[in-house]
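Below is one structure, written out as structure tokens; comments come after it.
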Amino acid sequence: MRCSWILLDLRSGDPQPQPADPRTSQADRDTPGQSTPRLTPSDCLKARRARPRSIVEVYRATMRTKILRGLLWSISGVAALTGVLVALFGNRAIPGATERTDASTSSVLRFYAVIWTAHSVVVGRAAARRQLDHDEIAGIGWLMAAGGAARALAWWRSGPPHPLFRVLTLQELAMPMIVRLLR
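For the sequence shown, our numbering gives the first residue as 58, with consecutive numbering after it.
Structure follows, in structure tokens:
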């Protein structure tokens, strides 16, 4: 049963057995002298977090959080390192790239390397928070998937890249699914 469709007596915390019918008014669903408001999704989340959990559930949730936090820290570290290296050394910092490039391409590449470095700060701050903001992390995952889609387009239009970038493309495209599994 979906939590948002269950009536809950907020005074006792006991759910009523019948699902709420969205076509009836709140007054029709209430018993005399008792108010049972319909739950919002945030109320459901709070109730789920507040309920007693088994040690196995706590362990699994803790491990998922640790894995997700580790994933975020690794993304942040790689983005910081690669961003700084490309900003300083340009095209020479990229595996499989040609030795020289024209000035315009080098300028654009170094400019975006600084933005990539700033991205590492945002991801690092998300990882460092005491309570992970899953909406923010989902946004980071979708942003990485968009980058993976751009890499896939480049692969399709320009040919296969260095093997490192092939792996990165697949990992970036899978990022929203990975984040969703670890929530």
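Glycine included, each C-beta is placed from N, C-alpha and C at the ideal position. These numbers were taken from a predicted model, which means no experiment stands behind them.
Mapping DSSP to helix, strand and coil, what is residue i?
{"i": "R117", "result": "helix"}
{"i": "P220", "result": "helix"}
{"i": "L145", "result": "helix"}
{"i": "R59", "result": "Low local confidence applies: a pLDDT of 45 at R59 is under 50, so the model's placement there is unreliable, with the coordinate-based value given in what follows. Coil at R59, not helix or strand."}
{"i": "M190", "result": "With the sequence shown as reference, residue 190 is identified as Asp, and Met is not the correct amino acid for it. In this structure, D190 counts as coil in the three-state DSSP scheme."}
{"i": "P152", "result": "coil"}
{"i": "S111", "result": "coil"}
{"i": "R240", "result": "coil"}
{"i": "R157", "result": "coil"}
Assuming the contact rule is C-beta atoms closer than 8 Å, residue i and residue j should be a hit. Round their C-beta distance to whole Å, please.
{"i": "V135", "j": "A195", "result": "Not quite, the Cβ-Cβ distance comes to about 20 Å (not below 8 Å), so this is no contact."}
{"i": "L225", "j": "P152", "result": "About 11 Å; that fails the 8 Å criterion."}
{"i": "T174", "j": "G204", "result": "Contact doesn't hold; Cβ gap of about 15 Å is too wide."}
{"i": "R208", "j": "P217", "result": "Incorrect: roughly 11 Å between the Cβ atoms, too far for contact."}
{"i": "G147", "j": "S133", "result": "No, G147 and S133 are not in contact; Cβ-Cβ is about 22 Å, not under 8 Å."}
{"i": "V180", "j": "I197", "result": "6 Å"}
{"i": "E1", "j": "M201", "result": "There is no way to answer for residue 1, as the model of the chain reaches only from 58 to 240."}
Are residue i and residue j closer than 7 Å when you measure CB to CB?
{"i": "A183", "j": "L129", "result": "yes"}
{"i": "R121", "j": "L239", "result": "yes"}
{"i": "A150", "j": "L138", "result": "no"}
{"i": "A144", "j": "V171", "result": "yes"}
{"i": "P233", "j": "W199", "result": "yes"}
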